[in-house]
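As structure tokens, the structure follows; a few thoughts come after it.
Chains as they are written, first to last, in the working numbering: chain A, 2 to 97; chain B, 29 to 340; chain C, 3 to 508; chain D, 4 to 116.
Take a look at the structure:
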């Protein structure tokens, strides 16, 4: 196992752990906002680590660039979704 | 190791499907179904069918989910509370047993398929040269079995005509009301930032689809999603369904397909055959036109029947 | 093995039969509501010519017409093939379509507000889609291509049911869609299994395979019930009466006369052309039992209906039943060639005469409902005095349904009865006789109402032009005239049978 | 039973068989029409997976699967989506007109044509 493979292994495992933690948080945390917090942690950092870990495995620069693009697009949509959910949660709260 | 991964994936798929059926929570069922669609996309990637994986993830996990969520919101507002599965055993036991029987019979057939497996891969690859393509799936869709793809476009258009026919008489020819009453700011931001990327990805998909996984369906779905995003965010109104330009776009792809098909009668070896020298450019041209048609049709199918009277 | 398809002269006509209406759908979409009707009528005329040309070419050459799409030979590509039976279906379809077109033009012309509006425009577009799907069902040789054809039919037929936009017809259309989709999916699943086992979906290639594993039996056990759900055979008929009764008269005519015949045709092909003899015999027996049950149960249901259109719709399910008792009568699956038997000819005649008679009946009922404003049989006393032609139309079409001489239905039922007597199928013979009597039971009361003198005369809502009434009358007369036709043209049915590749000596 | 080596193709084929059963059950028994429409999608997914298993088994010539069933699945997915869209449009209209999202409550047609 070369250095690159070891790097991949560590990063991807760390990413997977973050996803696991995020899922646990989603299921266990009491209210919408803290669940959202857990979820976006997993989404941002977990996906980021996995993408980072897969970088050395790419044969070409294009492949790496595509991976980064995927991460950026996921960031964008996740951030928007979080905003939307948080907005709805904030609007509902005063009425409850 | 990879078989363990597949087993976990399969277990997840079955668990989600069961959850969709038995849960009492209507919205929860839809969300579980969307997760199911995404997992299924991974399943298709595991089956090494990247073309299908892309289509499934985009349609099964995306557009269908949006359609279902919008319908659920509508039903909650307009209809009696949806009922849950019958608890009376007589009502569900017989269907459950017969469905179990179907599953068992299917499983037996799947395990008893002949080996070596019959396959058209040889013929598909051997004939690839005549089409000038590199992706055999695209060759099947646009050359060997082109008639299926062409008539399936007609199916899509008929579905759209059918959906439009469900409007009130006064609204027929008008536009759908997609824009929600309150548009959240982040959505508008996303609708401004995302579409250029989406269009880029779609163009890329059509372009590489001739030789690599990807193609007109996947690209069309992405474009449809972008169009819906822009309309949902209120940046553009949904188009009038009577608009001539819109209708030209919808009919353009299949119409070009039919024309090239009959061109084949005159200059190649019959209906839907391409002259070998220009097969690839013809196919890519048809794909480009089809992509626009598919994008428009899918987006309008999600938008539903027009509900505002047409404006001249 | 002669697996390759050789295109025959005139094969391109089959492509035209499918693509002409499909292209019309596209043209209508682009040209817009005002020109939809013109495009439809032009396509109907052209399509009729194409069907005629196909018939002439078949008779001239005496062999099946074949076309290989894109010149890609099956199993990789798809072939179209029309033998005598397919050509008969194409011809009947073209005639009923053309009649429906003429009828719909005047029916929608009654109300100028709807003529170029939602109802009229959607009707014409969907009608063309329907036609393309029907023609494809009759000529395609590829099981997945046939799935696409079935979906063309589903997507065109379902919205036709609820064009009037009422809640009840929405429910009827939704129930229809559920049954139709379930049917398509089971069919598709079966096709997938067959591909897994044989590596092809071409009917000729599958049929010429020497060994059949469990995949064939399971696939047939999925595909046939799926198609039965679409054909509305008892006990899967529940969706049909509300759907066919709720549609506008012109649409009911096509749905009842043609659309349900497509899955019946496919079942016939699966059982007679693909299934190995043992499975075919079993399937034939089961189908015959269901067919007989359909005839008896749905005839009785038709007797009990209070509304004219519902009665006609139940009668459709009963009449479809006759097509399924053909299987054991023609000896499908016992090693002989079924297409030479009198039962086979009887079945084909029944199919044709029912298509003509049922289209005529629905159109006549539509005219009555349009003129009087309702279709409650009890309150229709004296409807024969108002628009003059629907009662004779109804009577003539009724002759064919009951099987009274001289009519196409009579010859058909007579042939089936003879086959049942010769073959010693006493229960089928009794069913045929009982079905005829029951049909009389539901046709005569309507005639009685037509000729009755009501206490107070019926109020006419609107005048009906004579031209509108003529179309169904012509169809009904054609259904009766089939009875005068010498049976020779039905030698047509044997053209192209058996498929050459099937004729491998054991 | 070791003769039947469990490959990932047959594993997904079996998954397809199970999904077909689950989807059918949902369609046959669930009173909520929206859920039945989802059931159709699950049934479709199962059918397509059976096609997928067939395709994967047919891998040859350096291809990872037989392209013919793969292409059919793509066609099938798009048709299934169109069916879902039409069913949902009908259901929404039914709900607006009658206030009911089930077929059980719908009475047989009785009013005049």
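Even glycine gets a Cβ: it sits at the ideal position worked out from N, Cα and C. None of these values were measured; they are calculated from a predicted model.
{"Query": "Alpha-carbon to alpha-carbon, residue 50 of chain D and residue 285 of chain B", "Result": "29 Å"}
{"Query": "Which of helix, strand or coil DSSP assigns to residue 70 of chain B", "Result": "helix"}
{"Query": "9 Å Cβ cutoff, residue 58 of chain A in contact with chain B", "Result": "no"}
{"Query": "Distance CB(residue 19 of chain D)-CB(residue 55 of chain D) smaller than 9 Å", "Result": "yes"}
{"Query": "Residues in the region 115-146 of chain B having any Cβ partner in chain C nearer than 9 Å", "Result": "130, 133, 134, 136, 137, 138, 140, 141, 142, 145, 146"}
{"Query": "DSSP three-state assignment for residue 67 of chain C, whether helix, strand or coil", "Result": "strand"}
{"Query": "Best match in B:108, B:156, B:93 for proximity to residue 64 of chain D [C-alpha to C-alpha]", "Result": "B:156"}
{"Query": "The region 45-58 of chain D: positions lying closer than 7 Å to chain C by Cβ", "Result": "46, 47, 50, 53, 54, 57"}
{"Query": "Residue(s) in a DSSP beta bridge with residue 144 of chain C", "Result": "C:204"}
{"Query": "Nonlocal neighbours in the same chain, by C-beta distance under 7 Å from residue 96 of chain C, ignoring five residues either side", "Result": "49, 50, 53"}
{"Query": "Residue-chain proximity (residue 201 of chain B, chain C), Cβ-Cβ < 9 Å", "Result": "yes"}
{"Query": "Boundaries (first-last residue) of the beta strand (DSSP E) holding residue 81 of chain C", "Result": "81-84"}
{"Query": "Chain D contact residues for residue 498 of chain C, given Cβ-Cβ distances below 7 Å", "Result": "Here the premise fails: no neighbours, minimum Cβ distance about 27 Å."}
{"Query": "9 Å Cβ cutoff, residue 97 of chain A in contact with chain B", "Result": "Because the pLDDT at residue 97 of chain A is just 45, under 50, the model does not fix this residue reliably, and the value given afterwards should be weighed accordingly. Not closer than 9 Å to any Cβ of chain B, the Cβ of residue 97 of chain A fails to qualify, so no."}
{"Query": "Within-9 Å CB hit, residue 21 of chain C to chain D", "Result": "no"}
{"Query": "With 16 other Cβ atoms within 10 Å as the buried cut-off, status of residue 52 of chain B", "Result": "exposed"}
{"Query": "Under 9 Å by beta carbon: chain A residues contacting residue 186 of chain B", "Result": "Residues of chain A passing the Cβ test: none, with the nearest at roughly 33 Å."}
{"Query": "Beta-carbon spacing of residue 84 of chain D, residue 183 of chain C below 9 Å", "Result": "no"}
{"Query": "Contact belief for residue 308 of chain B with residue 230 of chain B at Cβ below 8 Å, rounded distance in angstroms", "Result": "Between residue 230 of chain B and residue 308 of chain B the Cβ distance is about 20 Å, and since that is not below 8 Å, they are no contact."}
{"Query": "Cut-off 6 Å between Cβ atoms - residues of its own chain near residue 324 of chain C, not counting five sequence neighbours on either side", "Result": "352"}
{"Query": "Local conformation of residue 336 of chain B per DSSP, three classes", "Result": "strand"}
{"Query": "Three-way DSSP call (helix, strand, coil) for residue 104 of chain D in this model", "Result": "coil"}
{"Query": "C-beta contact flag for residue 337 of chain B and residue 199 of chain B at 9 Å", "Result": "yes"}
{"Query": "Partner residues on chain C for residue 101 of chain D, Cβ-Cβ distance less than 9 Å", "Result": "169, 170, 172, 173"}
{"Query": "First through last residue of the alpha helix (DSSP H) which encompasses residue 157 of chain B", "Result": "156-159"}
{"Query": "Inter-residue Cα distance where the pair is residue 36 of chain C and residue 118 of chain C", "Result": "6 Å"}
{"Query": "Buried versus exposed, by CB contacts within 10 Å (16 or more), residue 61 of chain A", "Result": "exposed"}
{"Query": "Residues bridged to residue 203 of chain B (per DSSP)", "Result": "B:336"}
{"Query": "Any 3 or more C-beta pairs closer than 8 Å across the region 404-420 of chain C and the region 302-315 of chain C", "Result": "no"}
{"Query": "Any 3 or more C-beta pairs closer than 8 Å across the region 158-166 of chain B and the region 305-321 of chain B", "Result": "yes"}
{"Query": "Segments assigned beta strand (DSSP E), at least 3 residues, entirely inside the region 114-183 of chain C", "Result": "none"}
{"Query": "Residues that DSSP places opposite residue 378 of chain C in a beta bridge", "Result": "C:309"}
{"Query": "Proximity to residue 42 of chain C [Cα-Cα], best of C:381, C:127, C:64", "Result": "C:127"}
{"Query": "Rounded separation between residue 38 of chain C and residue 31 of chain B - CA only", "Result": "56 Å"}
{"Query": "Chain A within 9 Å of residue 64 of chain B, Cβ atoms only", "Result": "no"}
{"Query": "8 Å CB neighbourhood of residue 239 of chain C in its chain, flanking five on each side removed", "Result": "296, 300, 319"}
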